[in-house]
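Quick note on full-length UniProt numbering: the sequence shown kicks off at 1 and runs consecutively.
Presented below is the structure to which this report refers.
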Amino acid sequence: MNPTNDSAVTSPPSPAEDVARGTGVSLWKQIAERIEADITEGRLVPGARLPTENELAERFGVNRHTLRRALASLTERRLIEATPGRGTFVKEPPIRYPIGPRTRFSEIVTREGRAPSGRLLGSCTEPASTEIAQALGLPPGAEVLRIDMIREADGVPITVASHWYEAGRCRDLDLLVAATGSVTRALETLGLGDYRRLETRITARPADEEDRRLLALPAGRTVMVLDAINGDPQRRPIQYSRARFCADRVQLVVKN
1 MNPTNDSAVT SPPSPAEDVA RGTGVSLWKQ IAERIEADIT EGRLVPGARL PTENELAERF
61 GVNRHTLRRA LASLTERRLI EATPGRGTFV KEPPIRYPIG PRTRFSEIVT REGRAPSGRL
121 LGSCTEPAST EIAQALGLPP GAEVLRIDMI READGVPITV ASHWYEAGRC RDLDLLVAAT
181 GSVTRALETL GLGDYRRLET RITARPADEE DRRLLALPAG RTVMVLDAIN GDPQRRPIQY
241 SRARFCADRV QLVVKN
């Protein structure tokens, strides 16, 4: 994990006197150029947290409206990213996310040098739709357990997923997920930890309102949607998942 992730940057951006008035170049554009230069020249490293809006506005001698326009420009160009409750950070490279026989979020994120975490959003039992029943090898309408989760890397939301399981086979799995924050550890408790990827389908679509809220995305962003079936060593389906990934925070790698 980058050690600068949770420490405010006290080195440049450039001082207020570098922002020149009356030159015909907008103040917000000058500020954006100064911050971009600090990123490209290595004074602000990937994962570094920028000072607060108030601190930056004071540093550049401008009002917060002007400062926010500069930050919005850098956000649109994917140089920085604001995460609610944490601050604004220099964007890190996307996580290299292999899709193979054994795909585990926590292991993948840890290998990338970042700290994984997970949180249960909700759970319920419901009748299986035709699609879910077919994926799990169940009759339509069979009772399935649905678990909704969000997963993060260094506190940045990466994916929101809904998982479905045969209710009778995975009873109390939601309680275990809530306690551990991990689907894999919860399945291990039930003796189902050795699951393997049987099928993955990848599509993309614009992020909807719920995606933007949960993944902290601005309007206009895209999510990659992964529909996946995981099975036990006998290839009997255990889990059907539909996960939405922030498209510019991961690089999906299909393993042959």
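Glycine included, C-beta positions come from ideal geometry on N, C-alpha and C.
Fair warning: this is a prediction, and the values are worked out from it, not measured in the lab.
**Q.** Residue from F89, V19 and A48 whose Cα sits closest to the Cα of N63
**A.** The count along the sequence shown starts at 1 and reaches residue 63 at position 63. Nearest C-alpha to N63: V19.
Q) Who are the near neighbours of A216 in its chain, counting only those whose CB is closer than 6 Å to its CB and skipping five residues on each side? A) Position 216 of the sequence shown, counted from the start, is the residue given in the question as residue 216. Taken in chain order, the residues that qualify are T83, P84 and P157.
Q: Mind reading off the beta-carbon distance from R86 to G155? Whole number of angstroms is fine, and I expect it under 8 Å.
A: Stepping through the sequence shown from its first residue, residue 86 is reached at position 86. Stepping through the sequence shown from its first residue, residue 155 is reached at position 155. At roughly 6 Å, the Cβ-Cβ gap stays under 8 Å, so R86 and G155 are in contact.
Q) Ordered along the chain, which non-local residues of its own chain (more than five positions away) have a Cβ less than 7 Å from that of P98? A) Here residue 98 corresponds to residue number 98 of the sequence shown, with the count starting at 1. I108, V253 and K255.
Q | Contact between the stretch 88-102 and the stretch 42-51 (3+ Cβ pairs under 8 Å) | A | yes
Q | C-alpha distance - D194 paired with D232, whole-angstrom precision | A | For the purposes of this step, residue 194 is taken as residue 194 along the sequence shown, with counting starting at 1. For the purposes of this step, residue 232 is taken as residue 232 along the sequence shown, with counting starting at 1. Rounded to the nearest angstrom, the two C-alpha atoms are 6 Å apart.
Q: Tell me, please, which residues DSSP counts as bridged to L226.
A: Taking the first residue of the sequence shown as position 1, residue 226 is located at position 226. Looking at the DSSP assignment, L226 forms a beta bridge with I202 and A243.
Q: Please report the residue range of the beta strand (DSSP E) in which Q251 lies.
A: Against the sequence shown, residue 251 aligns to sequence position 251. Per DSSP, Q251 belongs to the beta strand (DSSP E) from V250 to V254.
Q) Which ranges would you report for the beta strand (DSSP E) in the stretch 30-112 if only whole runs of at least 3 residues count? A) 80-83, 87-90 and 95-99
Q) Would you say the stretch 238-253 touches the stretch 157-177, given that touching needs at least three Cβ pairs under 8 Å? A) yes
Q. Are there 16 or more other CB atoms within 10 angstroms of the CB of C124, so buried, or fewer, so exposed?
A. As a first step, residue 124 is located in the sequence shown; it is residue number 124 there, counting from the start. Counting Cβ neighbours within 10 Å, C124 comes out exposed, since fewer than 16 surround it.
Q: Answer with buried or exposed for L121, where buried requires no fewer than 16 other C-beta atoms within 10 angstroms of its C-beta.
A: Taking the first residue of the sequence shown as position 1, residue 121 is located at position 121. Result: exposed.
Q | Beta bridge counterpart(s) of L120 as assigned by DSSP | A | Looking up residue 120 in the sequence shown gives position 120. Partner(s): M149.
Q. Hey, does R169 have any beta-carbon neighbour from chain B nearer than 9 Å?
A. Protein chains in the displayed structure number just one, and chain B is not present.
Q) Ends of the beta strand (DSSP E) at V156? A) As a working note, residue 156 is residue 156 in the sequence shown. Its beta strand (DSSP E) spans residues V156 to E166.
Q. Which residues bound the alpha helix (DSSP H) around L173?
A. Taking the first residue of the sequence shown as position 1, residue 173 is located at position 173. Its alpha helix (DSSP H) spans residues L173 to T180.
Q: Have a look at the DSSP bridge pairing and note the partners of E143.
A: Position 143 of the sequence shown, counting from 1, holds the residue named residue 143. Answer is P127, bridged to E143.
Q. For residue 257 versus I150, is the C-beta distance shorter than 9 Å?
A. Here the chain has residues from 1 to 256 only, and residue 257 is not among them.
Q: Specify whether the stretch 54-69 and the stretch 207-227 touch according to this definition: at least 3 beta carbon pairs, one from each stretch, less than 8 Å apart.
A: no
Q: Take the Cβ of D208 as the centre, count every other Cβ of all protein chains shown within 10 Å, and call the residue buried at 16 or more, exposed below.
A: Locating residue 208 in the sequence shown gives position 208, where the first residue counts as 1. Exposed, because fewer than 16 other Cβ atoms sit within 10 Å of the Cβ of D208.
Q | Rounded Cβ spacing between R212 and A219 (contact assumed at less than 8 Å) | A | Within the sequence shown, the letter at position 212 stands for residue 212. Within the sequence shown, the letter at position 219 stands for residue 219. Confirmed, Cβ separation roughly 7 Å.
Q: Could you spell out where the alpha helix (DSSP H) holding A216 opens and where it closes?
A: Walking along the sequence shown from the start, residue 216 turns up at place 216. From DSSP, A216 is part of no alpha helix (DSSP H); its letter is neither H nor E.
**Q.** Opposing strand residues paired with G231 [DSSP bridges]
**A.** Numbered from 1 along the sequence shown, position 231 holds the residue referred to as residue 231. Looking at the DSSP assignment, G231 forms a beta bridge with R196 and P237.
Q.
Could you check whether L190 and N230 sit closer than 9 Å to each other, using their CB atoms as the reference points?
A. Numbered from its first residue, the sequence shown carries residue 230 at position 230. Numbered from its first residue, the sequence shown carries residue 190 at position 190. No.
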